[in-house]
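Notes to accompany the following structure.
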Amino acid sequence: KGPGVMTCYFNDPKATAETLADGWLFTGDMAQMDKDGFIYLVDRKKDVIITGGENIYPVQIEDFLRRHSAIKDAAVIGLPDPRLGEITCAIIELKSGFEATEEQIAEFCTGLPRYKRPRKIIFAEIPRNPTGKIEKPKLRQIYCGKSLVQTQIEN
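Here the numbering used here is used: position 86 in the sequence shown is 670, and no number is missing along the way.
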């Protein structure tokens with residue numbers, strides 16, 4: 585809330601209504617405060633994956649995956665699952681000249697708690713927008729065939 589907050593999305597009253605309320609801008613950013621009072625961004629609310637009742641923050645898994653010597657980039661999205669609601673899917677872009685198998689990545693992921701380990705691993709290029717952000721809606725469209733919300737409504 586303040587003088588620098590936008591007043592609307594251009595020609596998009598629905599998005600404006602979802603984001604602005606009583607002068608407050610709801611970004612969807614999720615944060616945690618540590619014991620010293622420092623605030624750290626955790627993830628975006630719309631990117632949180634809920635699998636079997638557990639909330640999973642994709643950025644934590646992405647940061648972990650990027651520590652693998654063969655991985656150039658990683659994106660984690662939720663894919664619809666009839667039993668768990670969603671499962672974690674890691675889209676992995678390998679560094680030029682490097683190779684890795686699904687089994688090798690799965691073995692590397694044993695360093696994560698079991699519920700955070702990707703259930704599906706896909707090797708592909710990670711799309712980014714002009715500002716460098718991962719285009720997760722595009723990845724969901726590619727790998728779910730439609731928006732996750734639409735897929736869940738139909739199931």
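Think of the CB as a built atom: it goes at the ideal place given N, C-alpha and C, for glycine as much as any other residue.
Under 8 Å Cβ to Cβ from GLY695, same chain only, skipping five residues before and after it: list those, please. Counting only Cβ-Cβ distances below 8 Å, and skipping sequence neighbours, we find PHE648.
What is the rounded straight-line gap between the Cα of LEU732 and the Cα of LEU678? Note that LEU732 has pLDDT 46, beneath the 50 cutoff, so the model's placement of it is unreliable and the number below is only indicative. So the two alpha carbons sit approximately 26 Å from each other.
Just verifying my parser: in three-state terms, what is the DSSP assignment at VAL660? If DSSP states are grouped into helix, strand and coil, VAL660 belongs with the strands.
For GLY669, the residue or residues it bridges with in DSSP: Looking at the DSSP output, GLY669 sits in a beta bridge with ASP665.
ASN739 to LEU663, Cα distance in whole Å? With a pLDDT of 45 at ASN739, under the threshold of 50, the predicted position of this residue should be treated as unreliable, and no value is reported.
Identify whether ALA690 lies in helix, strand or coil by the three-state DSSP scheme. ALA690 falls in the helix class under three-state DSSP.
Can you tell me whether DSSP reads LYS704 as helix, strand or coil? In the structure shown, LYS704 sits in a strand (DSSP, three-state: E or B).
Closer than 8 Å is the cut-off here; do at least three beta carbon pairs connect the segment 678 to 687 with the segment 635 to 645? No, the segment 678 to 687 is not in contact with the segment 635 to 645.
GLY716 versus GLN616: straight-line alpha-carbon distance, rounded: Put simply, the backbone Cα of GLY716 is about 24 Å away from that of GLN616.
So, with DSSP's three-state summary, where would you put LEU732? Its pLDDT being 46, under 50, LEU732 is placed unreliably in this model, and the coordinates cannot settle the point.
Cβ-based neighbour list, PRO587, same chain, cut-off 8 Å, excluding 5 preceding and 5 following: Apart from sequence neighbours up to five positions away, no residue of its chain approaches PRO587 with a beta-carbon distance below 8 Å.
Residue of ALA605, ALA659 and GLY637 minimising C-alpha distance to ASP631: Of the candidates ALA605, ALA659 and GLY637, the one whose C-alpha sits nearest the C-alpha of ASP631 is ALA659.
Within 10 angstroms of the Cβ of PRO702, are there 16 or more other Cβ atoms? Answer buried if so, exposed if not. Result: buried.
How should LEU625 be labelled, buried or exposed, when 16 other C-beta atoms within 10 angstroms of its C-beta is the threshold for buried? So LEU625 counts as exposed.
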